[in-house]
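Under this note's numbering, the first residue of the sequence shown is numbered 7, with each subsequent residue one higher.
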Amino acid sequence: MENFKNYLEISAEVQQALDAGQPVVALESTIISHGMPYPQNVETALNVEKIVRQNGAIPATVAIIGGKLKVGLSKQEITHLGKKGLDVIKASRRDMPILATKGEDGATTVAATMIIAAFAGISIFSTGGIGGVHRGAETTMDISADLEELAMTPVMVVCAGAKSILDLGLTLEYLETKGVAVLGYQTKELPAFYTRESGYYVDYRMDSPAEIASAFKTKQDLGLKGGMLVTNPIPQQYAMEHDYITAKIEEAVKEANQLGIKGKETTPFLLDKIKQITSGTSLEANIQLVYNNAALAAQIAVQLSQMQHASSLTFDL
């Protein structure tokens, strides 16, 4: 049953690329509406698309607009989400049927973007950082839906690690339990969003986009369910010092607890608070790591496309 097609709208450019077997990279829209203020959010989103193109792939920004699951947004649609900002609902798996039914807009999280990308037949997705197990989750049970989606949905996610406001150790344990391989691009240490260090380690180090693409293709060939997580350290020149940002995060977490902020409001509050505490340097770091991830994701998509094409030629012979 493919009734989801009644709700899915793929742009002509993205559909043509998919039909031709060209590399396509999915991009999320939460960063547009919830990640930063207008007009910087729109400028960043358009730059991310440009970087994907410069690295040989077609960008497919994903969002829910007017109840439609959109894959490949126009500049006007990106601007609409940017101007509407926090008034756009932050949409995860649970929100998708409600927004589609009510004909409303939604900025897609990692989880929702993975689902819609899979509907469209896109295998590679670039984001900033994934959600994970929140600090204190042993009592609050606050665990991001992103982790469950990685366990179920066959999409590779390229990120700068889990957001450093999370419990990184428990996040890795959860992914291991769910059978999700965590790869480090040219590193064995798990990057922690703003910083290249965390004190935790990924499952495997991978040194090239081709090596990562090959691992994912093998997973596809084996028919194993779920996705794969690629962690890509923030470029050194934009990285923040580990002890400094950790102290600032602790400060922000303490304030969130005092104010009783919980659930999906936690991450936006903490990121905004950290931006204030760091005098805006965290926002610039956020933008640069998103650009860095988009370039790597496009390079992986190009390699995967070439491998799939070669495999189909061999099969035809």
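Cβ coordinates follow ideal geometry from the N, Cα and C atoms, glycine included.
The structure presented is a predicted model; accordingly, all values stated were derived computationally and were not measured.
Looking at the C-beta of residue i, does it have a partner C-beta in chain D at a distance below 9 Å?
{"i": "Gln28", "result": "Of the protein chains in the structure, only one exists, and it is not chain D."}
By the DSSP assignment, the beta strand (DSSP E) with residue i in it spans what residues?
{"i": "Leu75", "result": "74–77"}
{"i": "Leu235", "result": "234–237"}
{"i": "Arg211", "result": "210–212"}
{"i": "Gly190", "result": "188–191"}
{"i": "Leu66", "result": "Note on identity: in this sequence residue 66 is Ala, with Leu being the wrong assignment. From DSSP, the beta strand (DSSP E) with Ala66 extends over 64–71."}
{"i": "Ile95", "result": "95–97"}
With 16 as the cutoff for other CB atoms within 10 Å, does residue i come out buried or exposed?
{"i": "Leu323", "result": "Annotation note: pLDDT 48 at Leu323 (below 50); position unreliable, no value reported."}
{"i": "Ser317", "result": "exposed"}
{"i": "Ser214", "result": "exposed"}
{"i": "Leu289", "result": "buried"}
{"i": "Ser311", "result": "buried"}
{"i": "Arg100", "result": "exposed"}
{"i": "Pro103", "result": "exposed"}
{"i": "Asp227", "result": "exposed"}
In whole angstroms, what is the alpha-carbon distance linking residue i and residue j?
{"i": "Ala123", "j": "Glu155", "result": "12 Å"}
{"i": "His40", "j": "Ile71", "result": "15 Å"}
{"i": "Tyr206", "j": "Ala143", "result": "18 Å"}
{"i": "Asp278", "j": "Lys254", "result": "12 Å"}
{"i": "Ile267", "j": "Ala258", "result": "11 Å"}
{"i": "Gln60", "j": "Asp152", "result": "28 Å"}
{"i": "Pro65", "j": "Val163", "result": "14 Å"}
{"i": "Ile149", "j": "Val139", "result": "4 Å"}
{"i": "Tyr297", "j": "Leu14", "result": "27 Å"}
{"i": "Val161", "j": "Lys231", "result": "10 Å"}
{"i": "Val186", "j": "Gly88", "result": "33 Å"}
{"i": "Lys96", "j": "Thr114", "result": "6 Å"}
{"i": "Ile293", "j": "Glu49", "result": "10 Å"}
{"i": "Leu92", "j": "Ser132", "result": "22 Å"}
{"i": "Leu79", "j": "His86", "result": "10 Å"}
What are the start and end residues of the alpha helix (DSSP H) that includes residue i?
{"i": "Leu156", "result": "151–158"}
{"i": "Met120", "result": "116–126"}
{"i": "Val164", "result": "Looking at the DSSP string, Val164 is not in any alpha helix (DSSP H); the run it does join, the beta strand (DSSP E), is 162–165."}
Just checking my contact of residue i with residue j at CB under 8 Å: how many whole Å lie between their CB atoms?
{"i": "Ala166", "j": "Asn53", "result": "Not really, about 16 Å apart at Cβ, beyond 8 Å."}
{"i": "Gly62", "j": "Val236", "result": "Actually they are not in contact, since the Cβ atoms of Gly62 and Val236 sit about 17 Å apart, beyond 8 Å."}
{"i": "Ile171", "j": "Arg202", "result": "Between Arg202 and Ile171 the Cβ distance is about 17 Å, and since that is not below 8 Å, they are no contact."}
{"i": "Glu110", "j": "Val68", "result": "Not quite, the Cβ-Cβ distance comes to about 16 Å (not below 8 Å), so this is no contact."}
{"i": "Gln314", "j": "Gly27", "result": "7 Å"}
- Query: Of all the beta strand (DSSP E) runs that stay within the bounds of the segment 9–41, which reach a length of 3 or more residues?
  - Reply: 14–16, 30–33
- Task: List in chain order: all unbroken alpha helix (DSSP H) runs of 4+ residues lying wholly within the segment 214–279.
- Result: 215–228, 248–265
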